[in-house]
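Counting the first sequence from 1 gives a position; the working numbering is that position plus 347.
From the three backbone atoms N, C-alpha and C, an ideal C-beta is built for every residue, glycine too.
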Amino acid sequence: MSDTQDRPTDEPDTDQQLDGEYDPETVEPNWQQQWVEDETYAYDVDADTRYSIDTPPPTVSGNLHMGHLYQFTLQDFVARYRRMKEGTVYFPFGYDDNGIASERLTERELGINHSDYERREFQEKCRDVCQDYEDAFTKDIQSLAISVDWDNTYKTIEPRVQRTSQLSFLDLYEQGREYQQRAPTIWCPDCETAISQVEQEDLNKHTKFNDIAFDIVETGDGSDGDQFTISTTRPELLPACVSVFVHPDDDENQHLVGGTARVPLFGQEVPIIEDDRVDLETGSGLVMCCTFGDQTDIEWYQAHDLDLRIAIDESGTMTDVADEYEGLTTHEAREAIIEDLDDAGYLLESRDHEHTVQVHERCDEEVEYLVTEQWYVKLLDKKDEYLEAGREMDWFPDKMFTRYEHWIEGLEWDWCISRQRDSGIPFPVWYCDDCGEIIFADRDELPVDPLSDDPPVDACPECGHSEFVPEEDVFDTWATSSLTPLINAGWDWDDGEFTYDNPELYPSNLRPQGHDIISFWLFHTVIKCYEHTDEVPFEHVMINGMVLDENREAMSKSKGNVIAPSEVLENFPVDAARYWAAGTSIGDDFPYRKGDLEAGERLLQKLWNASRLVDQLTPQAGTVEEVPETELAEIDRWLLAELDETVDLVTERFENYEFSKARTELRDFFWSTFCDDYLEIAKQRLDSGPNPSTEFTLVRAHRTFLKLFAPLLPHITEELWTRVYGEEASVHTSDWPTAGGYEADLQAGETAMAVISALRGYKSDNGLALNAPLSNVKIFGHVGEFAEPVAEAMHVDEIEATEDEPEITTEISGVDLDYSLVGPEFGNEVGDIDAAIEAGEFEVDGDSLLVGGEYELGADMFEIERTRIYSGEGQMIETEHAVVIVQE
RNA sequence: GGGUUUGUGGUCUAGUUCGGUUAUGACACCUCCUUGACAUGGAGGAGGCCGGCAGUUCAAAUCUGCCCAAACCCA
């Protein structure tokens, strides 16, 4: 590392030149601290224009990973661009710390179980554990230069958010969008709570497929019968068996339908019924129905009005229905029952089997289906409306809308929002102990906890009874996190109506999030906000992909391929990591790539060195005077005109969240046009004394580059902005650049740059130093006023440029056809034309081309390809639009 | 099992909406060059016929169909 970097950053000195190498190790942490101290990213309520981002609040469940780094960096590109473009940005930060994830973290961290504590006590422990993680997380986010406004943060467990969440519950109930029902529910026996459809996922498990004999009590048609076989993976459900099903096409077992069977060991007699939902391919073709083993059991239970036999309780323990097995866990009961079946001669076979089971995504425990009383939000009756709501938002990339669409189309359950957990936001609800009437909290009193607060009435309005039972359940965590746009806008209830602290923040401009939670966070947010406000919560939705390892595989602890951000940042500057993150196509999964980090590091070095040169060439950089366009030298105007195009292009890229293209196009223009070409020219022009036109151009271009790079590379641009120009205000709060309306002969410029490039190649090929003089160069082509700059940059003594044809002999070597014109005109004769040209059977006749004596092609359809032969002094080089003759 | 998305040189990627001449760029690789901002630089080179097959067309990476592979979502 350089030892010349001990300059204090708080004393900008415009006269002091940049020197040495860029030292991100000290520069980056300095600025991160400075930005937080200066509140550089504070939201300005009074600004005329603004942009708001509904930041995803991470669940507090562990440490920062690459996904966080990637996702928050993408959001930060938008935030920084918009802050410069619009003036101010609302970029808050939240922690989602009220759900099962943080409960399980607390249990893990402290080695405790929630059921051993009072709810209050356990909640306190959760808060403490979460607080530590949140503090560490905040530091991490700051060290990534995420430009969050740290004055606007929230936690989903804090009282203000609890109030919002309970308010939402009451409003949806009043609108008739919620109901309470006792029904089969998806249940996690490990977490001991109801869960919703989205929280379950598939898992392949090894298990045993058991063939069990059932005694026939009587057959359906009175024929003889002794036993039949049922294949099941879940023998512990035998006590809950309420019927046996036969498929209508199952000829072999048709005689059983209408009969009765006896369940082994438990003895209950159950009906044998016909139903086409039986899977003929699996097992014996006969299936037992238990209340409940899976969703089909629920359907059968409802369709055939079967008995209810509940053999498993909330904790996955066998009930008294299981007779002697009562008190065993389901796993223990399974073992015991198989053994006893075997002893009794009812177990015919037990074989290995692999199948897919539904598990709770948080703990991988197999779900059960229990009949319990739960609260639901209605979804199924408004699918079409919610689809339409999704269409009202702009999706980036738009293909991600399909996921939202399919999720809604596939919905089969209303949303169960009650959870039997400790850490969460309570339902603001009590029940009359006598008649069961539901008593809701007053909106003005929220937040309430029915476990410690009294209901708002002394007597039941229905029956007059004065004893009440509190609702003990808490909300599903998504019931609260689906309100983030409203939390950000300060949605509240005051004086009999809904209000906003910051009405300008709703709807939000942008919802950024991963594609994995479209069906969780995005869907639930859209429907809840839509029901509360009658409008969709977002203008744009930006969906990011997942971070993969270098072999394009998902990072996971079990694969051991997880890369920690801290590991990356030990070896690379944050700006380099951001350069990598900008390499994505939005929505696609994105591999970690060391090469990109290295390329980012090189760009930082290039930017630093180019800035050093600009700084050296323009001693008065901070105070350079604007030169009117009419007084600018042609070459300077050309650079500024090219820059205009890049400004427009990069702006459009940011508007469309095309960070990868913004990065590539900006880098290319900066590196090849500005550094390779223009700086070389400027260097020579300023060599011969002061030149206001070039100095102004250098400064204008350089300042523009710093701004364009600022969203992607916030540290180095800030450092240069301050040091080169002595600016006191941050580059990140400066205005986004706009095109200056410069006009120049871009075609001539392009040709001239190609000539420079060709001369550079000539010198390289001929073993000459780049600064070696060339005595004479002739350019045949349109380079306008740029011959002189070319001569300066390439150290040419004498240069001549002419648009005349070069004084060389040519030989026709072929014909290039414009197939977009020739094709439609000649159709399937194109093959003949090609063949004739190939055979040399063509001649030029004035403006047209005669081919094979048969076809006549117009002037716009072809171009004659010539080989140039030069035998004069010097050497000929060809570029696309010019021929150059060089003499050393 | 169904659906969605993706499949371009060793790696990553542009181009695919509205088919059209030599398929873009970066990283890695090879050769040459100490040039006074930068060797984390510059010049040059090799490497792909666009997952596979079939079709439409004068013309297909680009359109259609089928197949294969991967990821995700849902059964």
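Note to self: Across the stretch 435 to 452 and the stretch 404 to 414, are there enough close Cβ pairs to call them in contact, namely three or more that are closer than 8 Å?
What the structure shows: yes
Notebook entry, point to check: Are there three or more Cβ pairs, one per stretch, closer than 8 Å when the stretch 591 to 599 is compared with the stretch 612 to 628?
Noted result: yes
Next item on the list: Name the one or two DSSP bridge partners that residue 406 has.
Entry: 443
Item checked: Residue of 1125, 1161, 943 minimising C-alpha distance to residue 1144 -> 1125
Notebook entry, point to check: Mind pulling the alpha helix (DSSP H) runs of 4 or more residues that sit fully within the stretch 739 to 780?
Noted result: 748 to 756
Check: Between the C-alpha atoms of residue 948 and residue 1083, what's the straight-line distance to the nearest angstrom?
Finding: 24 Å
Check: Three or more C-beta pairs closer than 8 Å, one from the stretch 1159 to 1172 and one from the stretch 1201 to 1210: is that the case here?
Finding: yes
Checklist line | Three-way DSSP call (helix, strand, coil) for residue 926 in this model | finding: helix
Item checked: The beta strand (DSSP E) enclosing residue 1148, as first and last residue numbers -> 1143 to 1149
Item checked: Span of the alpha helix (DSSP H) around residue 475 -> 466 to 490
Next item on the list: List in chain order: all unbroken alpha helix (DSSP H) runs of 4+ residues lying wholly within the stretch 985 to 1057.
Entry: 1006 to 1015, 1026 to 1034, 1039 to 1056
Item checked: Rounded distance between the beta-carbons of residue 1047 and residue 987, thought under 8 Å -> 7 Å
Check: For residue 357, is the classification buried or exposed, using 16 other Cβ atoms within 10 angstroms of its Cβ as the cut-off for buried?
Finding: The predicted model places residue 357 with a pLDDT of 39, which falls under 50 and marks its position as unreliable; any figure quoted below should be read in that light. Exposed.
Next item on the list: Answer yes if the stretch 852 to 865 comes into contact with the stretch 787 to 801, meaning at least three C-beta pairs across the two stretches below 8 Å, and no otherwise.
Entry: no
Next item on the list: Measure the beta-carbon distance from residue 1133 to residue 1095 and round it to whole angstroms, keeping in mind my assumption that it falls under 8 Å.
Entry: 6 Å
Item checked: residue 935 to residue 895 span [Cα, whole Å] -> 11 Å
Checklist line | Opposing strand residues paired with residue 1214 [DSSP bridges] | finding: 1158
Notebook entry, point to check: What separation, rounded to the nearest whole angstrom, lies between the Cα atoms of residue 661 and residue 885?
Noted result: 39 Å
Next item on the list: Work out the CA separation of residue 1110 and residue 1227 for me, nearest whole Å.
Entry: 19 Å
Checklist line | Between the CA atoms of residue 574 and residue 566 - distance to the nearest angstrom | finding: 10 Å
Notebook entry, point to check: Should residue 1054 be labelled buried (16 or more other beta-carbon atoms within 10 Å of its own) or exposed?
Noted result: buried
Check: Is any heavy atom of the ligand ZN found at a distance shorter than 6 Å from the C-beta of residue 410?
Finding: With respect to small molecules bound, the structure shown includes none, and the ligand ZN cannot be examined in it.
Margin query: Does residue 501 come out as helix, strand or coil in the three-state DSSP assignment?
Written below: strand
Checklist line | Coil, strand or helix - residue 1071 by DSSP | finding: helix
Margin query: residue 769 and residue 461 - do their beta-carbons sit closer together than 7 Å?
Written below: yes
Check: Taking the C-alpha atoms as reference points, what is the distance between residue 1235 and residue 1219?
Finding: 14 Å
Item checked: Per-residue DSSP class, three states only, for residue 860 -> strand
Notebook entry, point to check: Do residue 965 and residue 971 come within 7 Å of each other at the CB atom, strictly closer than that value?
Noted result: yes
Notebook entry, point to check: Helix, strand or coil: which one does DSSP assign to residue 538?
Noted result: coil
Next item on the list: Assign residue 479 to one of two classes, buried (16 or more other C-beta atoms within 10 Å of its C-beta) or exposed (fewer than that).
Entry: exposed
Check: Using DSSP with H/G/I as helix, E/B as strand and the rest coil, what is residue 588?
Finding: strand
Notebook entry, point to check: Between residue 922 and residue 951, what straight-line distance do the alpha-carbon atoms span, to the nearest angstrom?
Noted result: 8 Å
Notebook entry, point to check: residue 816 and residue 781: beta carbons closer than 7 Å?
Noted result: no
Margin query: Please report the straight-line C-alpha distance between residue 1089 and residue 992, rounded to a whole angstrom.
Written below: 10 Å
Margin query: For residue 324 and residue 586, what's the separation of their Cα atoms in angstroms?
Written below: With the chain running from 348 to 1235 in the structure shown, residue 324 is simply not present.
Note to self: Output needed for residue 937: all residues of its chain with C-beta closer than 7 Å, excluding positions within five of it in sequence on either side, in chain order.
What the structure shows: 417, 892, 894, 895, 931
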